[in-house]
Amino acid sequence: MSFPWAKHYKPSHPLMQWLDEKLPLPRFVYNAVGAGYPVPRNLNYMWNFGVLAGVCLMLQIVTGVVLAMHYAANSGVAFDSVEHIMRDVNWGWMLRYAHANGASAFFVVVYIHIFRGFFYSSYKPPREMIWLLGVTIFLLMMATAFMGYVLPWGQMSFWGAKVITGLFSAIPVVGTPLQQWLLGGFAPDNAALNRFFSLHFLLPFVILGVVILHIWALHIPGSSNPTGVEVKTESDTVPFHPYYTAKDGFGLGVFAILYCTMLFFLPNALGHPDNYIQANPLSTPAHIVPEWYFWPFYAILRAFTADFLFIPAKLMGVLAMFSAILVWFFLPWLDTSPVRSGHYRPLFRKFFYLLVIDVLVLGFCGGSPAETKYVLISQIAATYYFLHFLVILPIVASIEKPAPLPFSITQAVLGKDDQTAPAA
Amino acid sequence: MADEAIVNASGTDSPAVHDGAGADEGVRRRDFINIAAVSFAGVGGLAVLVPLVSQMAPSADVLAESSTEIDISQIAPGQAIKAVFRKQPVFVRNLTPVEISEADKVPLSSLRDPQTLEERTKPGKTNWLITMGVCTHLGCVPLGAGEGEVKGEFGGYFCPCHGSVYDTAARIRKGPAPKNLEVPVYEFTSDTVVKIG
Amino acid sequence: MVRLFGPLVGLFFAVALLWSFGVGAIQAIREPEPATAVQVYHLAPHEPEPGFSFNGAFGKFDRAQLQRGFQVYKEVCSNCHSLHFVAFRDLAALGYSEAEVKAIAKDWSNKAKVVDPKTGDETQRDNVPADHFPKVYYAGTGNPPDLSLVTKARHEGPEYVYSLLTGYQDQPAELLKRFPDSKTPDGLYYNPYFANLNIAMPAPLADDQVTYGDGTKATKQQMAADVAAFLTWTAEPKMEKRKQTGWAVLGFLLAATVLAYLAKRNIWARVH
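Residue numbers (my numbering), protein chains in the order written: chain A, 12 to 435; chain B, 275 to 471; chain C, 83 to 354.
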C-alpha cells in the first residue's frame, strides 16, 4: 500500500482466489493489519495502545448490546432493571461490571494513546488527518460515556445529567431553551433517559465508523515511530503480521490481566457509591463528581470562579472546558517544530512532563470536593494547561535547538545502516 | 528480508536457520510456542462466548415462577378455569361423568395421538383434566375453557386459528394439530390444591 | 492564523484564570473558611474486631453469620427499612432449604399487596419465594433507606454499617463548646459516623435484643457485625462467584500472556 515493497496478497487456495475476485475482504485485512502493511521496526510498547483501544471499543459494543437485551430505559424501572441484571440474569453481574469497568479501561488506553501522540508529535504532517479524526473519536467517546453513565438512573446519573445539560444554560439567550430541548423537559426524566439510551446505543457505531477512517488515514503515510524519522527503505520496516500481531497479542494479555483484576476484585472502585441510590430529584448528593476520566475537564470548568471582562464565570468555565479539548484540533499548526520525537527535543520534553503532571493535578482537583484549596490549585494548573498548548508549544518550536537525528530507523536500531545487506 | 521472516514463521526451509540438527529442533520447539499461544487465544475467545450465550437463557426470576399452585375448590363439575403457568394458559377442567364416559367410549385406534383419559389424569382423580391451553398446531389458545365459549363438535376444546378440535379428554380429533393438548407435570398437594410444574 | 490567534486565546484564558485565582486567594486570606463540626468530629468507619470474613481477594461469606444477620434484619431493621431488591428465593443462598424459604416467605408479617382485578380493592396475600421483600412504608420522621444496596451505596459500606450501628453516643461537650450552633436537634441522634453527625434513626440495637438460635451471644457489636455481613450479601449476592471466576480467569490469562510473550520473542528473534 504505502511503500513499494509492501507484500502483495496472493491467495493460493481456489476458494480464496474466487473470494478475492468477488469481494476482496481478505486482501483488505491483509493490507490493513496483515503482512501487507509494512510498519517501522522500532515501535515501542507505547504503540500498542491503538490496537488496545480498538479492542476496548469492541468489548464495549459486545457487552453493551448484550446488556441492552435486559435493560429497560424507563425512569420508573431503569434502576430495577440494572439490579435485575446484577442478580437474576445469567452472568449479568459480570457483563455489567465488564461494561462499566470497560469504559474506564477504554479511557485509560485512549489517554495513553493521546499522550503518546503528544510526546512523539504524531499530529505533525503528514499525519494531521489521523490526529483530527482521533480527537473527534475522543469527543464522541466522552458523549457516549456521559450518556451511558445516566442509564442506571442512580443519584450520580441523575445529577450528572442535570449538571452537564446545565452547562448549556450558560449560553446567552438560547441557553435555557436549549437545555430543555436536550432534556425534553425541565429536569432529567423519562424523555431524557430514553433519548440518552438511544444515542448511547447509536454513538459507538459512529465511533466505529470514525475509527475506520482513522485507520484508513493512518495507512496512507504509514505509522510514525519513536525516532520521528520517516521510513526510507525496506530495512526500516517489518510486516505488521506476524511481528506486531505478536507484540499486540502480548500487550493484550497484560491489558486483560489488569482489566480483569479490576473487573473481578475491585468492580466498584472506580464508580461512585451514590449511584447505587436510586435517582431522587429532591435530594442532591453531598458532592457531585463525574467519572474519573472527566476529572481534569471538570476541574477546568470549576476553576472559573470570578466574572471576567463582563463574561460570567459560568460561561467562562463552559467555554474553557470545551476549549481544553478543541485546542487539540489545532495542535498540528501550533507546534511547528520540524522534529517530531520528544527524544530529540530537550526543551519540549521538559514541558511535556510538566503537562503530564499538570493534567494529573487537574484530575486530582476535579475529583476532590469544591473546597477553596483545590479550586486555587486547579486555577494554577488550568492556567498552565492553556499556556502549554497555545503559548509554550509555538515558542518552543521556534527557539529550541533539537538534538541530532539518526540517519534512519535502521541506524537508530542497529547502530549502522547498510542499505544493501539484509538486516537479520 | 521480510519475506524470509514470514517463511520462517511457517517453519519451512530457510538457510538462515538451517545450520544443524540442534537448530532444527529449536525451530520446532519455537513453532510449538507460537501454536500454543494462538490456541490459548482461541480457548479464551470460546470461553468468553459462554456468558454471552447463556445470558439469553431464562433468568433466575423467570425460573422462580416456573411452578404455579392452583386452588381448584371452586370449580364445579362441567366447569373449567384458565390459569397461568410459565406465562402460558393452563386449563383445569372438572369433567362430568357424561364427559368421562364419552371420552372412554372412543376407540384408541381411531385417535391420531392414542391415549386414554386415565393416562392423561391422575389415578382416582380422572375428573380433573389438567392440560396446557396451547394448541399443538401453532400455539394459539383453544376455546372451551371460558364460560360461554364454543367447545367444538367433540365437547372439549376448539382452536379458532386453524380449526383443530379436541375432545373431552383434550385429545386431537380433527384439524391440523398433530398431538393432544399437552399435560404438564403436576401433583395434588391436597384435595383442593394442584401444584403445576 | 493559528499561530497568531492561538497564543492570544491562550493568554485570554490564562489571564481569566489568574483573575479568578487572585479574587479567590484574597478572599481566602481575608475570610478563611471556618472549620465545621463535621470536619472535626466526623469519623471514618472501621471494621469489627476480628474483621469481616468476606473482605480480601479470597474472602467468603460466613453462612451462619449471614443467617444471624438476616434474623437481626427481620426482628429489628425490617420494621422501618425495605429490602426490595432481594427476593425470598434468594435466601436459599444463606443455607436455608426450599421448605424453610417457603416458610419464611409465608410467615413474613409484611404481606404482599395485590389489587383484586374485579373490584379494584387492594388486598394482601402471603408472600411466596418468587416475591421480593415487600416495600416498607414508614410514616415517622426521616426516610429510612432501602437496605438492599446500602453497603455498596456508602464508602466502605460494611464497615460503615457496623460503625454506625455501634457508634451512637452523647454529643461531646467539647463539640458544643466549640460549635454552639451544632447542637443535635430534638428528634435526631448524635452519631460521629453519620455524614452530618445527626441521624434520624434512634440507636436500634441493644445487647440481647435478639436471641440467636445457634447460641451466639447477642452483644450489640455481634449483632451489628452480623447485620453488616448480611447487608453485604444483599448488595452483592454474586460476590463469591465473582472472586472464584476471577481467579480462574486470571490464572488462564497469566499462562496465556507468558505464552504470548514467548511467542513474541520468538518471532522478533528473526529481526534482532
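Ideal placement from N, C-alpha and C gives every residue a C-beta, glycine not left out.
Using a Cβ-Cβ distance cut-off of 8 Å, determine whether phenylalanine 95 (chain C) contacts chain B. Against chain B, the CB of phenylalanine 95 (chain C) has no partner CB under 8 Å away; the residue lies outside that interface.
Per DSSP, which one or two residues make a beta bridge with arginine 171 (chain C)? Looking at the DSSP assignment, arginine 171 (chain C) forms no beta bridge with any residue, so it has no partner.
Would asparagine 101 (chain A) pass as an interface residue toward chain B - the criterion being a Cβ-Cβ separation below 8 Å? yes
Look up leucine 417 (chain B) in the DSSP assignment and give the residues it is bridged to. B:Phe432
Which bits of chain C does glycine 264 (chain A) rub up against, with CB to CB less than 7 Å? Near glycine 264 (chain A) (Cβ distances below 7 Å), the residues of chain C are Leu335, Ala338, Thr339 and Ala342.
Just the C-alpha distance for threonine 74 (chain A) and leucine 106 (chain A), rounded to the nearest angstrom, thanks. 6 Å
I'd like the span of the beta strand (DSSP E) that includes glutamine 206 (chain C), first residue to last. 204-207
Is the Cβ-Cβ distance between alanine 419 (chain B) and lysine 361 (chain B) less than 8 Å? No, the pair does not count as a contact, with Cβ atoms beyond the cut-off.
Does alanine 350 (chain B) get closer than 8 Å to chain C when you measure Cβ to Cβ? no
Give a yes or no on whether the minimum CB-CB distance between isoleucine 307 (chain B) and chain C is below 8 Å. yes
Name the chain B residues that come within less than 9 Å of valine 77 (chain A), Cβ to Cβ? Pro325, Leu326, Gln329 and Met330
Are the beta-carbon atoms of cysteine 67 (chain A) and phenylalanine 149 (chain A) separated by less than 8 Å? no
Taking the C-alpha atoms as reference points, what is the distance between histidine 292 (chain B) and arginine 302 (chain B)? With a pLDDT of 39 at histidine 292 (chain B), under the threshold of 50, the modelled position of that residue is not reliable, and the figure given next carries that caveat. Each residue's Cα considered, the two are about 12 Å apart.
Counting only beta-carbon atoms, is arginine 171 (chain C) nearer than 8 Å to chain B? Arginine 171 (chain C) counts as touching chain B.
Helix, strand or coil for serine 438 (chain B), going by three-state DSSP, please let me know. DSSP, read as helix, strand or coil, puts serine 438 (chain B) in strand.
Determine whether the beta carbon atoms of proline 127 (chain C) and tyrosine 242 (chain C) lie at a separation below 8 Å. yes
I need the DSSP call for threonine 342 (chain B), collapsed to helix, strand or coil. strand
Contact set between isoleucine 108 (chain C) and chain A, taken where Cβ atoms lie within less than 9 Å: Neighbours of isoleucine 108 (chain C) on chain A: none; closest Cβ ~10 Å, over 9 Å.
Does the beta-carbon of methionine 158 (chain A) have 16 or more other beta-carbons within 10 angstroms, so that it is buried, or is it exposed? buried
Quick one: Cα of threonine 394 (chain A) to Cα of serine 379 (chain A), how far? 19 Å
Listing by chain order, which chain C residues have their CB less than 7 Å from the CB of cysteine 67 (chain A)? Simply none; closest approach about 16 Å.
Would methionine 80 (chain A) count as contacting chain B if we go by Cβ distances under 8 Å? The beta carbon of methionine 80 (chain A) sits closer than 8 Å to some beta carbon of chain B.
Where does the unbroken alpha helix (DSSP H) through tyrosine 160 (chain A) begin, and where does it stop? 139-161
Please classify alanine 345 (chain C) as buried or exposed, where buried requires at least 16 neighbouring CB atoms within 10 angstroms. buried
Just to confirm the assignment, what range does the alpha helix (DSSP H) spanning tryptophan 29 (chain A) have? 25-33
Local conformation of methionine 305 (chain C) per DSSP, three classes: Of the three classes helix, strand and coil, the one that applies to methionine 305 (chain C) here is helix, per DSSP.
Check each candidate in A:His211, A:Met153, A:Ala381 and A:Phe14 and name the one with the smallest Cα separation from isoleucine 336 (chain A). A:Met153
Could you tell me if tyrosine 7 (chain A) is buried or exposed, where buried requires 16 or more neighbouring beta carbons within 10 angstroms of its beta carbon? Any answer about residue 7 (chain A) is impossible in this case: the structure gives chain A only from 12 up to 435.
Cβ shell of histidine 225 (chain A) (< 7 Å), same chain only, five flanking positions each side left out: Ile141, Leu144, Gly145 and Ile148
Beta-carbon neighbours of leucine 106 (chain A), restricted to chain B and to distances below 9 Å: Pro325, Leu326 and Gln329
Are the C-beta of alanine 321 (chain B) and some C-beta of chain A separated by less than 8 Å? no
Where lysine 195 (chain C) and arginine 98 (chain A) are concerned, what is the direct C-alpha to C-alpha distance, given to the nearest angstrom? 23 Å
Would you mind sorting phenylalanine 140 (chain C) into buried or exposed? The rule is 16 or more other CB atoms within 10 Å of its CB. exposed
Give the single residue among B:Ser347, B:His436, B:Asp387 and B:Val467 whose Cα lies nearest to the Cα of arginine 447 (chain B). B:Asp387
Looking only at its chain, what residues have a beta carbon closer than 8 Å to the beta carbon of glycine 296 (chain B), apart from the 5 residues adjacent to it on each side? For glycine 296 (chain B), the predicted structure reports a pLDDT of 47, less than 50, and the residue's modelled location is therefore unreliable. A value from the coordinates is still provided. Cβ within range, chain order: n/a, list empty.
With 8 Å as the limit, tell me which residues of the segment 253-279 of chain A have their beta carbon closer than that to any beta carbon of chain C; keep them in chain order. Using a CB distance below 8 Å, the part of the segment 253-279 of chain A facing chain C consists of Pro253, Tyr254, Ala257, Lys258, Gly260, Phe261, Leu263, Gly264, Val265, Ala267, Ile268, Cys271, Thr272, Leu274, Phe275, Phe276, Pro278 and Asn279, ordered along the chain.
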